[in-house]
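Enquirer: In this text, residue positions in the sequence shown follow the numbering used here: the first is -17, and each later residue adds one.
Could you have a look at this structure, given as C-alpha cells, before my questions?
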Amino acid sequence: MLPTVAAWAVTALLLSSNSHATTALLYGAAVAAGTAVALLLLVRGGDRSRRTAALGAAVLLTAAAATTCTVLRTADLYRGPIPALARAATAADAPPTGTDINSGLATSTTAIRDSRPGAVAGPPPGTQVTVELTITGDPRPRTSHAHGADAGRHMLLVDATAVRVTTDTGGTTGGSSNAGSSNTSGTSGATRHGAETTQTDTPITLIVQERDAASWQGLLPSARVATLARVLPAGEEGSSDTAAALVATGPPRLLAPPNWTQRLAGRLRAGLRQACAGLPSDARTLLPGLVVGDTDAMPDDLAQAFQSTDLVHITAVSGANLSIVLALLLGAPTRSGTAERGGLAAFLGVPLRVAALLGAALTIAFVILCRPEPSVLRAAATGLVSLLALALGRPRQALSALAAGVLLLLLVDPFLARSYGFLLSVLATTGLLTLGRRWAEGLHQRGWPHSAAEAVACTASAQVLCAPVTVLFAPRISLVGIPCNLLAELAVMPATLLGFAALAVAPLSSGVAAFLAGMAGYPTQWLAVVARAGAALPGAELTWTAGWRGTATLALGVLAACYAGRLLFPTAQATEVTGSSHPGAARSGPAQPGPAQPVPAQPRSGPPTTAGSAAGRSTTADSGAGEPPGSLLSPSSFPRPRRMLRLAVAVVLTLGLVVLLLRPPALVRIATGWPVAGARLVMCSVGQGDLLVLPLAGRSDTAVVVDTGPDPTAADDCLRDLGVTRIPLVVLTHFHADHSAGLPGVLHGRAVGAIETTTLAAPAAEAAKVTALAASAHVPLLRASPGEQRTAAPELSWQVLWPNAAFDPVSSGPNDASVSLLVTAGRLRFALLGDLEPTAQAELLRTTHPGPVDVLKVAHHGSVHQDWALASALHPRLALISVGAGNSYGHPSPRTVDRLAALGATVLRTDRTGDIAVLGSTPATLQAVVHPRPAGG
-17 MLPTVAAWAV TALLLSSNSH ATTALLYGAA VAAGTAVALL LLVRGGDRSR
33 RTAALGAAVL LTAAAATTCT VLRTADLYRG PIPALARAAT AADAPPTGTD
83 INSGLATSTT AIRDSRPGAV AGPPPGTQVT VELTITGDPR PRTSHAHGAD
133 AGRHMLLVDA TAVRVTTDTG GTTGGSSNAG SSNTSGTSGA TRHGAETTQT
183 DTPITLIVQE RDAASWQGLL PSARVATLAR VLPAGEEGSS DTAAALVATG
233 PPRLLAPPNW TQRLAGRLRA GLRQACAGLP SDARTLLPGL VVGDTDAMPD
283 DLAQAFQSTD LVHITAVSGA NLSIVLALLL GAPTRSGTAE RGGLAAFLGV
333 PLRVAALLGA ALTIAFVILC RPEPSVLRAA ATGLVSLLAL ALGRPRQALS
383 ALAAGVLLLL LVDPFLARSY GFLLSVLATT GLLTLGRRWA EGLHQRGWPH
433 SAAEAVACTA SAQVLCAPVT VLFAPRISLV GIPCNLLAEL AVMPATLLGF
483 AALAVAPLSS GVAAFLAGMA GYPTQWLAVV ARAGAALPGA ELTWTAGWRG
533 TATLALGVLA ACYAGRLLFP TAQATEVTGS SHPGAARSGP AQPGPAQPVP
583 AQPRSGPPTT AGSAAGRSTT ADSGAGEPPG SLLSPSSFPR PRRMLRLAVA
633 VVLTLGLVVL LLRPPALVRI ATGWPVAGAR LVMCSVGQGD LLVLPLAGRS
683 DTAVVVDTGP DPTAADDCLR DLGVTRIPLV VLTHFHADHS AGLPGVLHGR
733 AVGAIETTTL AAPAAEAAKV TALAASAHVP LLRASPGEQR TAAPELSWQV
783 LWPNAAFDPV SSGPNDASVS LLVTAGRLRF ALLGDLEPTA QAELLRTTHP
833 GPVDVLKVAH HGSVHQDWAL ASALHPRLAL ISVGAGNSYG HPSPRTVDRL
883 AALGATVLRT DRTGDIAVLG STPATLQAVV HPRPAGG
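In C-alpha cells:
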C-alpha cells in the first residue's frame, strides 16, 4: 500500500506544480531508481533490515515510475499549436478580462467590461482553427442555469483528442464550414492562404453551442470528426487533464465512424433507454444511470436528492455494479477459488482458469459499456488483478489487489491522481476492506444479526473515510446518509441485474427488454422514493466548514464518534471479569465472529475455592434483572465512574445530534455570533446571484425574501441559519436564474404567502419553472405594478419603483424589467435595484425621484453599467454588492467600486465578506455585520 500512496503523492504534486522541467524530473527519476537498486543489492543484515530496504526500494521505484509516466503523459498539454494559441489568447485577453464560459461564447473584455447578455466581442486574431478530433467521451449536456443572466442556455461538452490542427496564418477565402464535404484536409471546404497543418495528440474540451448541439449529440467515442473551432484562453472551462477549451463554430464533419465495440455499446445503451421509456418518470431516468451511469436525463431535483442523502454513488457506476455482474458469473468472491464456488461458470462446469478469462473479458466489456469513468476504472483494475490471482491459483488478497490496481491506473493515467471521483472510490473500497470487516465483526459480537452487521458496517466504513474528503468540494454533510444507504441496499442488486438483463436483450427483443425494465422499475422507484424522502427530512443535509478546516474538523468528529461508539456499546467480553482459571476461559487463535461465550459461574451452594475461580464468576448473577450484558443500564458492566462517563457521553451525543438537526438560531448565535439579533436586512452569500432577506421586527422566524439566488441548497441553508420558516412574500425581481433558480430551496419546508414577479416573463424557460413551482406549492403568483405599496410589519414597508408601465423592457431585455423597491425599515431606507441597466436607471430617476437612501443594493452585481446620476441622487452610506467569488463576468467592476467609494459609501461585497447583515433603527445607528461563508463563482 505504501508504494501506491507514494506514487499517488508524487503524481499529484507534479500535476499541481505544472512543472516544465522535463529533463530535470527525468534525471531525478533515474536517480531514485538507481538508489532503489542499490538498496536491494547492498543492504545486508537480518530479515527486518531486508524488509525495510525492500519497502524503501519499492517506494523509490514507484515514485520514479510515477514521475516518468506523469512527465511523458502531460507533455502533450504544453506542446503543439493548441496550447500555444491558448497562451496567446490569454495574453491578448490580459486582465482585467474574462470569458463568459457558460454562454459558450468567448467574450473578450477591456477594463470597462460589457457583461450584458449578448454583448460578445470577436475572437482575438489567430485563435480560429480547423481541427480534426478523435472523440474520447460521450457528449455531456450542460445548462448555464447557475451563472447569471444567460441562464437557460444549453450546450454540450465533448472530451476529445486533437490529432490534426490547421491554423490560418494568412487569411481564408472562398468557403466556410461544410459538413457534407468529402475533403479530409480539415479545411472544411475553405481555401486557406498560408495555412499550417500540424499533427498533434492534444487532449481538449470542446464546447458546442445550443444551435449545433443536435449534430454533435449522437457522436460516440472513437469517432473522428473535423470542425472549425475557436481556442479559448488558457484556464477557461477546460479541466486539469486537457490542454485547452475550444468552442465549435459549426457542426462536425465525420471523417471516420466509431469502432465496432463503441457502436455495439452505443446500441446497447440506446436500447436500455428505449426499454425504460414506459416507466414512471423517476425510474425512467434513474435506471440507465444505475446500470451504465447514463444520468443525462435525470432531473435536477432527483439528482439533488441523491446528493443530499449520500446516494449519488448509486448512479456513478463502480465496484458494486461490477461485483454483482462478476458474482453472477463466478459466485461469491470469498468462495470463487474453492471447490464450493458458485455462479454460472461452476453450474456449466467451466474450468476455473477459463472462468477467470471470461471474467476478465466481462470486465473489459463492462468498462466499454459504462465508459471509463474513474470509479469504473478503479473497479475494473482491482477486479482484473483479483482475476489474475484466481487464474494463477494464488490466495485472494483484496487490499493488495486494490493497491496494485490503483498503482497501475496512476501509471497509465496520471490525471486520476487529481480526480475526486477516483479518490472517493478508492477510499470507499479501502473502508470496506479494512474498517468494514472489523466493524462487522464487532457488531456481530454485540449480538447483531450477521446480515445487519455487515450492511451497517460496510455503509458506515465507506462514509467515514469519504466524508472528510467530500467537504472539500461540497461543504455539507448528510445525517441521513447511512440509513438511506441501508434502505437503498435492498433494491440495488435486483435493479442492477434486471437492468443488465434488459440491456442485453434489447437488441433482440424490445418487448422482452421493456418487460425486464418494467420489473427493474419497481426496485428503481424504491431508490428514488428513499432519496426524495430522505432529502425532505429536517437536517438531512447540514452546511459544514469549507476547505481543509472542514476536513480536519470532520475527521476529528468522526474519530470522536468512533471512540464514543466503543465506549457506549462494549463487547460482551467487556462485561466479564478477565483472568479466569476456568478451563474454558483460555482460547487460542483469533476471535471468531459471533456473541462471546461467558465463563460459567461457580455454583452458589458454596464459596469458591480459589481466587481464580472467583475471578472467573459470571456477572450474570449480579446484573440487574432483565438487563443483557453490555447494556448501558447494566450496573455490573463497568465500575461506577465508567458508567457515569458512558452516560455523560450518551447525553452529550444526543443533545449534539438534536442541535445539529434543529439548529435553533438562539443556540447557534451563542456559538457563532450568527444570526445577529435585530437585523433589518440580510444579504446572503449565495454565489453569483442575489438573495436578500428583510426580517420582521419581533418575529425572528418571519421575513420577506427578495430574489432567491442561483442555488436552492445555498438559499435553503441561508434561510435555515437565519431561522426563517415563514415568508409572507417572495419578490423575484426578474427571471434570470441567478435571481430565481434558488426558489425550490426557499419553498422547502417553509410557509410562503405569495410570490411576486416582474411583468416580463423572460427568459421564457425560467419563467415557466417559477410558474410550475408556484403551482405545485399552491402559492399564489402576483405581478408587481408601479407605485404599489405594501406593509409587512409596523416597521417594514416598501414601494415598487420599477418597472414603469410606460417603459418597454422587452426591447432592452429582462434586466431592465427588474422589480426595484424602496424599502423603509424603521427609519432606514434601502434601495434595491435588481439588475437594472443604465437606461432604466435613468428613467427610474426621472419618474420617481427616490431621494437619498441609507443602503443601496448595487444593480447587476456591481457591473460597470451604472447611471451615476441615480447613484448620486441616492447618495448611499452603505453599498452592498452580491457577487460570486472568481465569477467569469468580471463583477464587480473596479470602476463601480471606486465611484461608490467616492460618493462616500462603504462598499461591502459578498465574495469577500460572506453574508452581510444591516442593523440599526435610525441613520445614526446604522451598522453592518458580516458572516464569512463559502461563495460560489
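Beta carbons: idealized from backbone N, C-alpha and C, even for Gly.
Being a predicted model, the structure only gives us computed values, none of them experimental.
Which parts of the region 348 to 428 are runs of the alpha helix (DSSP H), unbroken and 4 residues or longer, counting only runs that do not cross its ends?
Expert: If one requires a minimum length of 4 residues, the alpha helix (DSSP H) runs lying completely within the region 348 to 428 are 356 to 374, 380 to 394, 402 to 413, 419 to 427, in chain order.
Enquirer: DSSP has Ser802 in a bridge; who is on the other side?
Expert: Counted from its first residue, the sequence shown places residue 802 at position 820. Its beta-bridge partners are Trp784.
Enquirer: To the nearest angstrom, how far is it from the Cα of Pro122 to the Cα of Ser204?
Expert: Position 140 of the sequence shown, counted from the start, is the residue given in the question as residue 122. Position 222 of the sequence shown, counted from the start, is the residue given in the question as residue 204. Per the sequence shown, residue 122 should be read as Arg rather than Pro. Approximately 16 Å between the Cα atoms of the pair.
Enquirer: Suppose the cutoff is 6 Å on Cβ atoms and the five residues either side in sequence are ignored; what does the same chain contact list for Arg206 look like?
Expert: Residue numbering aside, residue 206 sits at position 224 when the sequence shown is read from its first letter. Here Arg206 has Thr116, Leu237, Ala238 as same chain residues with Cβ atoms under 6 Å from its own Cβ, once five neighbours each way along the sequence are excluded.
Enquirer: According to DSSP, which residues form a beta bridge with Gln771?
Expert: Within the sequence shown, residue 771 is the residue found at index 789, counting from 1. According to DSSP, residue pairing for Gln771 in a beta bridge involves Gln781.
Enquirer: Mind pulling the alpha helix (DSSP H) runs of 4 or more residues that sit fully within the region 211 to 271?
Expert: Listed in chain order, they are 242 to 257.
Enquirer: Scan the region 427 to 483 and note each continuous alpha helix (DSSP H) run of 4 residues or more that stays entirely inside, going in chain order.
Expert: For the region 427 to 483, the full-length alpha helix (DSSP H) segments reaching 4 residues or more read 432 to 455 along the chain.
Enquirer: Does the pairing of the region 809 to 826 with the region 847 to 855 give three or more beta-carbon distances under 8 Å?
Expert: Output reads yes: the region 847 to 855 touches the region 809 to 826.
Enquirer: Is DSSP giving Ala906 helix, strand or coil here?
Expert: To locate residue 906, count along the sequence shown from 1; it is residue 924. Ala906 sits in a helix when the DSSP states are folded into three classes.
Enquirer: Tell me the DSSP secondary structure of Ser722 in three-state form.
Expert: For the purposes of this step, residue 722 is taken as residue 740 along the sequence shown, with counting starting at 1. Looking at Ser722 - three-state DSSP - the assignment turns out to be helix.
Enquirer: CA-CA distance, Arg419 and Pro505?
Expert: On the sequence shown, position 437 is the one that residue 419 refers to. On the sequence shown, position 523 is the one that residue 505 refers to. Cα-Cα distance, rounded: 27 Å.
Enquirer: With distance defined between alpha-carbon atoms, name the residue in Leu391, Ile863, Leu261, Leu810 nearest to Phe497.
Expert: For this step, residue 497 is matched to residue 515 along the sequence shown. Closest by alpha carbon: Leu261.
Enquirer: Could you check if Trp530 is buried or exposed, using at least 16 other CB atoms within 10 Å of its CB as the buried criterion?
Expert: Here residue 530 is taken as the residue at index 548 of the sequence shown, counted from 1. By the neighbour-count rule (16 or more Cβ atoms within 10 Å), Trp530 is not buried but exposed.
Enquirer: Roughly how many angstroms lie between the CA atoms of Leu21 and Thr695, to the nearest whole one?
Expert: Here the question's residue 21 lines up with position 39 in the sequence shown. Here the question's residue 695 lines up with position 713 in the sequence shown. Rounded to whole angstroms, Leu21 to Thr695 spans 55 Å at the Cα level.
Enquirer: Just the C-alpha distance for Pro920 and Asp150, rounded to the nearest angstrom, thanks.
Expert: Because the chain spans -17 through 919 in this model, residue 920 falls outside it and cannot be assessed.
Enquirer: Taking contact to mean at least 3 C-beta pairs separated by less than 8 Å, is the region 682 to 698 in contact with the region 666 to 673?
Expert: yes
Enquirer: Do you know how far the Cα of Phe288 is from the Cα of Leu838?
Expert: As a position in the sequence shown, residue 838 is number 856, starting the count at 1. As a position in the sequence shown, residue 288 is number 306, starting the count at 1. About 39 Å.
Enquirer: Taking the beta strand (DSSP E) that Met280 belongs to, which residues open and close that run?
Expert: Here the question's residue 280 lines up with position 298 in the sequence shown. Neither: Met280 is in no beta strand (DSSP E) and is coded neither H nor E.
Enquirer: Under the DSSP definition of a beta bridge, which residues are partnered with Glu825?
Expert: Sequence index remark: in the sequence shown, residue 825 carries index 843 (1-based). Bridge partners of Glu825: none, in fact.
Enquirer: For the alpha helix (DSSP H) containing Met501, name the first residue and the last one.
Expert: Sequence index remark: in the sequence shown, residue 501 carries index 519 (1-based). Per DSSP, Met501 belongs to the alpha helix (DSSP H) from 492 to 518.
Enquirer: Counting C-beta neighbours from all protein chains within 10 Å, is the total for Thr907 16 or more, i.e. buried, or is it exposed?
Expert: Locating residue 907 in the sequence shown gives position 925, counting from the first residue. So Thr907 ends up on the exposed side.
Enquirer: Using the Cβ count rule (16 or more neighbours within 10 Å means buried), how would you classify Ala(-6)?
Expert: Working through the sequence shown from its first residue, we reach residue -6 at position 12. It counts as buried.
Enquirer: Can you tell me where the beta strand (DSSP E) with Ser300 in it begins and where it stops?
Expert: Within the sequence shown, the letter at position 318 stands for residue 300. From DSSP, Ser300 is part of no beta strand (DSSP E); its letter is neither H nor E.
Enquirer: Please state whether DSSP places Gln848 in a helix, a strand or coil.
Expert: Within the sequence shown, residue 848 is the residue found at index 866, counting from 1. Under the three-state reduction of DSSP output, Gln848 falls in the coil class, being neither helix nor strand.
Enquirer: In terms of residues, what are the limits of the beta strand (DSSP E) holding Phe329?
Expert: Against the sequence shown, residue 329 aligns to sequence position 347. Looking at the DSSP string, Phe329 is not in any beta strand (DSSP E); the run it does join, the alpha helix (DSSP H), is 325 to 329.
Enquirer: Contact check, Ser722 vs Leu714 under 8 Å by CB: the rounded distance?
Expert: As a first step, residue 722 is located in the sequence shown; it is residue number 740 there, counting from the start. As a first step, residue 714 is located in the sequence shown; it is residue number 732 there, counting from the start. Contact holds; Cβ gap of about 5 Å.
Enquirer: If you draw a straight line from the alpha carbon of Leu764 to that of Gly896, how long is it in whole angstroms?
Expert: For the purposes of this step, residue 764 is identified with residue 782 of the sequence shown, where counting begins at 1. For the purposes of this step, residue 896 is identified with residue 914 of the sequence shown, where counting begins at 1. C-alpha separation (whole angstroms): 31 Å.
Enquirer: With respect to the beta strand (DSSP E) encompassing Ala57, which residues constitute its N-terminal and C-terminal limits?
Expert: Counted from its first residue, the sequence shown places residue 57 at position 75. DSSP places Ala57 outside any beta strand (DSSP E), giving it a letter other than H or E.
Enquirer: Considering Pro694, what are the terminal residues of the alpha helix (DSSP H) in which it resides?
Expert: Within the sequence shown, the letter at position 712 stands for residue 694. If you look at Pro694, you'll find it in the alpha helix (DSSP H) that goes 694 to 704.
Enquirer: Once DSSP output is grouped into helix, strand and coil, what is the label at Ala522?
Expert: Here residue 522 refers to the residue found at position 540 when the sequence shown is read from its first residue. DSSP places Ala522 in coil when its eight states are reduced to three.
Enquirer: Roughly how many whole angstroms lie between the Cα atoms of Pro270 and Arg251?
Expert: As a first step, residue 270 is located in the sequence shown; it is residue number 288 there, counting from the start. As a first step, residue 251 is located in the sequence shown; it is residue number 269 there, counting from the start. Approximately 8 Å, taken between the alpha carbons.
Enquirer: So, using beta-carbon positions, are Thr17 and Leu42 closer together than 7 Å?
Expert: As a first step, residue 17 is located in the sequence shown; it is residue number 35 there, counting from the start. As a first step, residue 42 is located in the sequence shown; it is residue number 60 there, counting from the start. Yes, they are a contact pair.
Enquirer: Should Leu414 be labelled buried (16 or more other beta-carbon atoms within 10 Å of its own) or exposed?
Expert: Taking the first residue of the sequence shown as position 1, residue 414 is located at position 432. So Leu414 ends up on the buried side.
Enquirer: Starting from Glu738, follow its DSSP beta bridges and name the residues at the other end.
Expert: Position 756 of the sequence shown holds residue 738. In DSSP, Glu738 forms a bridge with Val713, Leu764.
Enquirer: Identify every residue that forms a DSSP beta bridge with Thr878.
Expert: Residue mapping note: residue 878 aligns to position 896 of the sequence shown, counting from 1. Secondary-structure assignment with DSSP links Thr878 through no beta bridge to anything.
Enquirer: Under a three-way DSSP split, which group does Ala887 fall into?
Expert: Counting from one through the sequence shown, the residue named residue 887 turns up at place 905. Coil at Ala887, not helix or strand.
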